[in-house]
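The sequence shown begins at 839 in the working numbering and counts up by one.
Using N, Cα and C, we set each Cβ at its ideal position, and we do this for glycine too.
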Amino acid sequence: MKINNMPDKIWSGASYCTSGGLICGGGFMQWVHALNWSNIAVIVGVVMAIATYLTSAYYQNRQTKAYEKALDRGFITPPSKKD
Numbered sequence: 839m840k841i842n843n844m845p846d847k848i849w850s851g852a853s854y855c856t857s858g859g860l861i862c863g864g865g866f867m868q869w870v871h872a873l874n875w876s877n878i879a880v881i882v883g884v885v886m887a888i889a890t891y892l893t894s895a896y897y898q899n900r901q902t903k904a905y906e907k908a909l910d911r912g913f914i915t916p917p918s919k920k921d
């Protein structure tokens, strides 16, 4: 392989990659254009609500465990039982 042919191979490869990218990108954009965005918004909202609930439950569980460990070690006093 001669060094003089290297720029031709680089530009040829770049051309093929660009062409393939535009073909795939065009297909992707056509698929995105055909989507029903109101349904997607509802689905994303539901997924975000579930993720928020799970994250909150996880950290509340960690906080409860830390509180129980602190009680066992005597670092804090239990809350008063005023009913």
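In whole angstroms, what is the alpha-carbon distance linking residue i and residue j?
| i | j | result |
| --- | --- | --- |
| V885 | T902 | 26 Å |
| Y854 | Y896 | 49 Å |
| I881 | G859 | 29 Å |
| A852 | I861 | 14 Å |
| I848 | G863 | 22 Å |
| E906 | L892 | 21 Å |
| T890 | Q898 | 12 Å |
Can you give me the Cβ contacts of residue i inside the same chain, cut-off strictly under 6 Å, excluding the 5 residues immediately before and after it?
| i | result |
| --- | --- |
| A908 | I914 |
Leaving aside the five residues before and after residue i along the sequence, list all residues of the same chain whose C-beta is less than 7 Å from its C-beta, in chain order.
| i | result |
| --- | --- |
| K920 | none |
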